[in-house]
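Positions 3 to 224 (our numbering) are the ones given, in order, by the sequence shown.
Here a beta-carbon is modelled for each residue, glycine too, at the ideal position from N, C-alpha and C.
Since the model is a prediction, treat every value here as computed from it, not as a measurement.
Contents: one structure, followed by commentary.
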Amino acid sequence: MMFSICSGPRAAACVLAVGLGSSVALGAVGSLSSPSELIVGGNWVNTGYVVSYEVTQNGNGTWHYEYSLRTISGGGLTPNTSHFIIQLSQNINPQTDLFNFAGPIADIEYGTFGPSAGNPGFPTGESIFGMKINTTSGVADFSFDSVRAPMWGDFYAKGANDFAYNSDLGVFVANADDYLSPALGAFGQPLNKILVPDTVIPAPGAAALLGLGGLLAARRRR
3 MMFSICSGPR AAACVLAVGL GSSVALGAVG SLSSPSELIV GGNWVNTGYV
53 VSYEVTQNGN GTWHYEYSLR TISGGGLTPN TSHFIIQLSQ NINPQTDLFN
103 FAGPIADIEY GTFGPSAGNP GFPTGESIFG MKINTTSGVA DFSFDSVRAP
153 MWGDFYAKGA NDFAYNSDLG VFVANADDYL SPALGAFGQP LNKILVPDTV
203 IPAPGAAALL GLGGLLAARR RR
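Next comes the structure, spelled out in structure tokens:
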């Protein structure tokens, strides 16, 4: 059986616990789309833009992250994505905390990224500490595993002079570690964020749901 908690219209996140055994493994799926939830420039304005994510927990307790970049109709983007930046915790160790990368990946950089000639349209005065996935041509689907549980964070993508990023990039998230609930700002306002790797310690809400294991007899579906 599938147990799901859907968390609201913005960020369209649903938390999943799926039954195949005696323990619970969690997951969350969601998406952001233009024009209401993303800032988009170039040809991507005309085709529309959707960033989708799915985060599931592996049987060994690590986490599996998947991201997909598409047009509103579900087709491939033109121009292709040249790089994709997602936020990470400042204390992350890429050598041990991130692994099993898959997708059209040329190479990966880690650091702080912001406005520059290589990041057209990046909001002035903002930055993302995280990883920059430089891509090869092809469908923009990426995945990796991590020891880090999810948090709400930011992303930025570029293709030629086209760009896309979440409309609340840089806005403080009051409940960043609580991926069982929609992302909220300091005044309780809903925010447009995606799930990204954060901490090795489960969020309090996640720990509570994990305690339902005996009742749900659930396990991860993927």
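Does the distance between the C-beta of Ala104 and the nearest non-hydrogen atom of the ligand FMN fall short of 7 Å? No copy of the ligand FMN occurs in the structure displayed, which carries no ligand at all.
Closest by CA to Val173, which one among Gly190, Lys160, Ser118 and Val52? The residue given as residue 173 occupies position 171 in the sequence shown. For Val173, the nearest C-alpha among the options comes from Gly190.
Starting from the C-beta of Ile74, find all residues in its chain whose C-beta is less than 8 Å away, skip the five residues before and the five after it, and write them out in chain order. Sequence index remark: in the sequence shown, residue 74 carries index 72 (1-based). Here the set comprises Ser35, Ser36, Thr49, Gly50, Tyr51 and Val52.
Hey, is the segment 148-168 in contact with the segment 116-130, meaning 3+ C-beta pairs nearer than 8 Å? The segment 148-168, when compared against the segment 116-130, does touch it at the 8 Å Cβ threshold.
Host beta strand (DSSP E) of Asp143 (start-end): Numbered from its first residue, the sequence shown carries residue 143 at position 141. That run of the beta strand (DSSP E) goes Asp143 to Ser148.
Could you check the C-alpha separation between Leu100 and Ser148 for me, to the nearest Å? Looking up residue 100 in the sequence shown gives position 98. Looking up residue 148 in the sequence shown gives position 146. When rounded, the distance between both Cα atoms is 5 Å.
Per DSSP, what are the beta-bridge partners of Gln89 in this structure? Numbered from 1 along the sequence shown, position 87 holds the residue referred to as residue 89. Answer by DSSP bridge pairing, in chain order: Gly132.
Rounded straight-line distance, which links the Cα of Pro152 to that of Pro184: In the sequence shown, the residue the question calls residue 184 occupies position 182. In the sequence shown, the residue the question calls residue 152 occupies position 150. So the alpha carbons of these two residues sit roughly 13 Å apart.
Taking all protein chains shown into account, decide if Val26 is buried (16 or more other Cβ within 10 angstroms of its Cβ) or exposed. Counting from 1 along the sequence shown, the entry for residue 26 is found at position 24. Residue placement at Val26 is poorly supported in this model, since its pLDDT is 40, which falls under 50; the coordinates are not used for a value here.
Does DSSP put Pro184 in a helix, in a strand, or in coil? The residue given as residue 184 occupies position 182 in the sequence shown. Coil at Pro184, not helix or strand.
Can you tell me whether Val198 is helix, strand or coil according to DSSP? Your numbering for residue 198 matches position 196 in the sequence shown. In this structure, Val198 counts as strand in the three-state DSSP scheme.
8 Å Cβ shell around Glu111 - same chain, five flanking residues per side excluded: By one-based count along the sequence shown, residue 111 stands at place 109. Cβ within range, chain order: Met133, Lys134 and Asn136.
Indicate the three-state DSSP secondary structure (helix, strand or coil) for Gln59 in the structure shown. Residue 59 sits at position 57 when you count from the first residue of the sequence shown. Gln59: strand per DSSP, three-state reduction.
When the Cα atoms are used, what is the spatial distance from Gln92 to Phe131? Taking the sequence shown and counting its residues from 1, one reaches residue 92 at position 90. Taking the sequence shown and counting its residues from 1, one reaches residue 131 at position 129. Computed Cα separation, rounded: 7 Å.
Could you please give me the residues that DSSP links to Asp164 through a beta bridge? Counting from one through the sequence shown, the residue named residue 164 turns up at place 162. Beta-bridge pairing links Asp164 to Gly161.
Anyone know if the C-beta pair for Ile87 and Phe157 falls short of 8 Å? Here residue 87 refers to the residue found at position 85 of the sequence shown. Here residue 157 refers to the residue found at position 155 of the sequence shown. Closer than 8 Å, so yes.
Taking the DSSP output, what are the residues bridged to Thr137? The sequence position of residue 137 within the sequence shown is 135, counting from 1. Ile107.
Measuring only the C-alpha atoms, how far is Gly31 from Val47? Here residue 31 corresponds to residue number 29 of the sequence shown, with the count starting at 1. Here residue 47 corresponds to residue number 45 of the sequence shown, with the count starting at 1. Note on identity: in this sequence residue 31 is Val, with Gly being the wrong assignment. Answer to the nearest angstrom: the Cα atoms are 24 Å apart.
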